[in-house]
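So the structure is just underneath, and the comments pick up after that.
Residue numbers (the UniProt record's numbering): 1 to 306.
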């Protein structure tokens, strides 16, 4: 498809499909997958960067429509992960402190900022590309309760190689050697610190952890924080990503459980036109998923058995 045809295609899809997806009318997902999902990236070559005010948190961001994640946000008018959003709303108070480990471009951090207007969000992001975009969004919206930390978290301080694939800079990982096409991958040196040291003066109400396979290293550096504050943990568990770092879902889950936590997979359900998260048994397969872990002494642990 030529660039001219791609741009014509994009204009037609935006004009006809976006009004439908914004309202999430029946069948919107199938239509979106056929016309604009990541499998259709070639058709979105040369697509514009657009400015959009999100209807979930109200902030204005720039969205690069050549990127599949930004496209999905644009077509929905919001960050797509409703399960995490509804869970966080039930787990924190407006004055709480939330930690975002692997902040990426800031989808979770921006949402969390709106949920804790009297509190704060501490965002860790070693990827200079994504971190720069998050900082630009914070400045654009004059957000005062997000503190961006320019390093990652691990079980020991170090300077590590961060691998950033060209097709999606949001998938950058410390466990990426050999995982991506070397001709389409940028390698940069980035700092990691021990999470317990970085958070020793904070009272943490919730931790979100998504670091593309490096989760076990980050968790082992947060043992004191989990023992002290017992915050709920929302974590991505993806066997393929964890294998790159020499770990597995079983090892990650076992370590979290050793801290006194129990977990379930996060899903979404809709009733009377409203979304709410649902919890299911942790799966045994290879597909990635998000999970919620609560400490056994947390009074909200009944969520896990309800």
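Here a beta-carbon is modelled for each residue, glycine too, at the ideal position from N, C-alpha and C. Being a predicted model, the structure only gives us computed values, none of them experimental.
Give the single residue among the options whose Cα lies nearest to the Cα of residue i.
i           : options            : result
residue 164 : 240, 55, 130       : 130
residue 247 : 69, 109, 220, 102  : 220
residue 143 : 287, 119, 128      : 119
residue 153 : 199, 115, 140      : 199
residue 19  : 67, 75, 37         : 75
residue 47  : 84, 80, 94, 7      : 7
residue 11  : 25, 50, 30, 39     : 50
residue 297 : 136, 194, 276, 226 : 226
residue 230 : 218, 236, 262      : 262
residue 126 : 40, 303, 183, 170  : 170
residue 201 : 281, 184, 228      : 228
residue 66  : 250, 103, 3, 195   : 3
residue 85  : 166, 208, 258, 214 : 208
residue 194 : 188, 271, 151, 184 : 151
residue 94  : 133, 260, 115, 52  : 115
residue 42  : 175, 205, 9, 224   : 9
residue 13  : 35, 250, 29        : 35
residue 132 : 182, 105, 98, 282  : 105
residue 90  : 112, 213, 252, 77  : 112
residue 87  : 234, 73, 212, 71   : 234
residue 211 : 31, 33, 243, 181   : 243
residue 267 : 187, 83, 33        : 83
residue 300 : 29, 92, 73, 80     : 92
residue 204 : 257, 251, 96       : 96
residue 167 : 256, 123, 70, 196  : 70
residue 128 : 141, 138, 188, 159 : 188
residue 29  : 1, 80, 172, 253    : 80
residue 136 : 63, 172, 117, 196  : 63
Any idea which residues DSSP pairs residue i with across the strands?
i           : result
residue 276 : 269
residue 283 : Note: residue 283 sits in no beta bridge, so no partner.
residue 209 : 101, 235
residue 290 : 236
residue 61  : 52
residue 245 : In the DSSP output, where bridge partners are listed per residue, residue 245 has none listed.
residue 312 : Since the first residue shown for the chain is 1 and the last is 306, residue 312 is missing from the structure and cannot be characterised.
residue 89  : Note: residue 89 sits in no beta bridge, so no partner.
residue 295 : 261
residue 78  : Looking at the DSSP assignment, residue 78 forms no beta bridge with any residue, so it has no partner.
residue 152 : 192
residue 173 : 163
residue 115 : Answer is none; residue 115 lacks a bridge partner.
residue 124 : 101, 149
Can you tell me the Cβ-Cβ gap for residue i and residue j, rounded? I've got them flagged as a contact below 8 Å.
i           : j           : result
residue 100 : residue 121 : 6 Å
residue 57  : residue 155 : At roughly 32 Å, the Cβ-Cβ gap does not stay under 8 Å, so residue 57 and residue 155 are not in contact.
residue 285 : residue 238 : Not a contact, Cβ separation roughly 11 Å.
residue 37  : residue 68  : 7 Å
residue 304 : residue 276 : Not quite, the Cβ-Cβ distance comes to about 15 Å (not below 8 Å), so this is no contact.
residue 179 : residue 245 : 10 Å between Cβ atoms; not a contact.
residue 293 : residue 232 : 7 Å
residue 98  : residue 206 : 5 Å
residue 32  : residue 21  : 6 Å
Label residue i either buried or exposed according to how many other C-beta atoms from any shown protein chain fall within 10 Å of its C-beta, with 16 as the threshold for buried.
i           : result
residue 60  : exposed
residue 291 : buried
residue 240 : exposed
residue 161 : exposed
residue 236 : buried
residue 25  : exposed
residue 269 : exposed
residue 110 : buried
residue 5   : exposed
residue 16  : exposed
residue 215 : buried
residue 271 : exposed
residue 53  : exposed
residue 184 : exposed
residue 302 : exposed
residue 181 : exposed
residue 274 : exposed
residue 281 : exposed
residue 147 : exposed
residue 123 : buried
residue 27  : exposed
residue 78  : buried
Contained alpha helix (DSSP H) runs [length at least 4] in the region 24-51, N- to C-terminal order: 28-35
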